[in-house]
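*Asks:* Using our numbering, you'd call the opening residue of the sequence shown number 311 and step up by one each time.
For glycine and all other residues, C-beta sits at the position ideal for the given N, C-alpha and C.
Quick one: the structure is below, questions incoming.
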Amino acid sequence: MMHTPGASRATRSHSVLLGLAAAFVPMLASAQFTLAPLPYATDALEPHIDKLTMEIHHGRHHNAYVNNLNAQIKTYPELTGMSLEAMQGQMSKFNTAVRNNGGGHYNHDLFWKVMAPESQRGAPSAGLAAAIDKTFGSMAEMKKRFDQAAMTRFGSGWAWLMVTPDKKLTVSSTANQDNPLMDLPEIQRGTPILGLDVWEHAYYLKYQNKRADYVTNWWNVVNWNEVNRRYDAAMK
Ligand code: MN3
């Protein structure tokens, strides 16, 4: 279930820079993209998401995306100093390895933050709740559409609640480690405020093939405080 990054396809100009970059990139690479600790204990989302899944998902899968992304700095020295958000928005410039691993790093960084232990989950703000009611009719209907996006994503990918460029809420899904920030023609663009990982590695140990049960239970661990914060930022 580990991700296999696509082959590097450096352009001619990148090749020219390669020798130069290789001389000093190892030092920079170690400090560029890093795996932040989880903002809570690995068992904090029990019983909905189990401790072992969290350990493997964060410590191995997410860690691999970070390491593989850092390895791409020798191909693309311009990644040095680039924010994760900025990278997503110009993903069309990069190869499949940056798309998969840079997307994977951004997506998981968001994923850990939009979940929280029970005492920290909060509730949708008045502003977000009103926008959800206006857009979808009700919170229940929004969740239904989101669940459909999660369930109909064939294979690996993500479901999203996002703010579109014209400041409207919508639900979408992306394949693999793509996300709505990426400037790629097949992606519906927006600013994600809530995201759900529906790769099998996110739920298989506890839920096996029952993705629907995972999706249903996952709503119990959503960190609405963080979703509210992202909604407010996206609406500015
Ligand atoms: Mn994952």
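Please name the residue in His371, Arg370, Lys423, Met397 whose C-alpha comes closest to that of Ile383.
*Replies:* In the sequence shown, residue 383 corresponds to position 73, counting from 1. Here the closest residue by C-alpha is Met397.
*Asks:* Please report the straight-line C-alpha distance between Thr352 and Lys520, rounded to a whole angstrom.
*Replies:* Against the sequence shown, residue 352 aligns to sequence position 42. Against the sequence shown, residue 520 aligns to sequence position 210. Straight-line Cα distance between these residues: approximately 22 Å.
*Asks:* Please classify Val473: does DSSP put it in a helix, a strand, or coil?
*Replies:* What you label residue 473 is simply residue 163 of the sequence shown in a count that begins at 1. The answer is strand: DSSP assigns Val473 an E or B state.
*Asks:* Looking only at its own chain, which residues have a Cβ that is under 6 Å from the Cβ of Ala460, when we skip the five neighbours before and after it?
*Replies:* Along the sequence shown, one-based indexing puts residue 460 at 150. The answer, listed in chain order, is Ala469, Leu506, Val508, Val525.
*Asks:* Using the Cβ count rule (16 or more neighbours within 10 Å means buried), how would you classify Val335?
*Replies:* By 1-based counting over the sequence shown, the position of residue 335 is 25. Residue placement at Val335 is poorly supported in this model, since its pLDDT is 47, which falls under 50; the coordinates still yield a value, given next. So Val335 ends up on the buried side.
*Asks:* Please state whether the Cβ-Cβ distance between His367 and Ala512 is less than 8 Å.
*Replies:* By one-based count along the sequence shown, residue 367 stands at place 57. By one-based count along the sequence shown, residue 512 stands at place 202. Yes. Within cutoff.
*Asks:* Suppose the cutoff is 8 Å on Cβ atoms and the five residues either side in sequence are ignored; what does the same chain contact list for Pro315 look like?
*Replies:* In the sequence shown, residue 315 corresponds to position 5, counting from 1. Any reading at Pro315 needs caution, since the residue's pLDDT is 46, under 50, leaving its predicted position unreliable; the model's value is listed next. These residues qualify, in order along the chain: Asn378, Thr406, Ala407, Asn410, Asn411.
*Asks:* Under 8 Å, with one C-beta from each stretch per pair, do the segment 424-432 and the segment 532-544 reach the 3-pair mark?
*Replies:* They touch, by the three-pair rule.
*Asks:* If you measure between the beta carbons of Thr445 and Leu479, is that distance less than 8 Å?
*Replies:* Here residue 445 refers to the residue found at position 135 when the sequence shown is read from its first residue. Here residue 479 refers to the residue found at position 169 when the sequence shown is read from its first residue. Yes, the Cβ-Cβ distance between Thr445 and Leu479 is below 8 Å.
*Asks:* Report the option in Leu348, Tyr350, Phe404, Ser435 whose CA atom is closest to the CA atom of Arg539.
*Replies:* The residue you call residue 539 lines up with position 229 of the sequence shown. It is Ser435 whose Cα lies nearest to the Cα of Arg539.
*Asks:* Just to confirm, does Phe507 get its C-beta within under 7 Å of one of the non-hydrogen atoms of the ligand MN3?
*Replies:* If you number the sequence shown from 1, residue 507 lands on position 197. Checking the sequence, you will find Asp at residue 507 rather than Phe. Checking the Cβ of Asp507 against the ligand MN3 gives yes.
*Asks:* From Gln498, Asn486, Lys453, Arg370, pick the residue whose C-alpha is nearest to that of Pro475; which is it?
*Replies:* Stepping through the sequence shown from its first residue, residue 475 is reached at position 165. Considering only alpha carbons, the answer is Gln498.
*Asks:* What does the alpha-carbon distance come out to for the pair Asn486 and Ser466?
*Replies:* Here residue 486 is taken as the residue at index 176 of the sequence shown, counted from 1. Here residue 466 is taken as the residue at index 156 of the sequence shown, counted from 1. Roughly 5 Å separates the two Cα atoms.
*Asks:* Going by DSSP, which residues form a beta bridge with Asp507?
*Replies:* For the purposes of this step, residue 507 is identified with residue 197 of the sequence shown, where counting begins at 1. Partner(s): Trp468.
*Asks:* At which residues does the beta strand (DSSP E) containing Leu479 begin and terminate?
*Replies:* Counting from 1 along the sequence shown, the entry for residue 479 is found at position 169. 479-485 is the extent of the beta strand (DSSP E) around Leu479.
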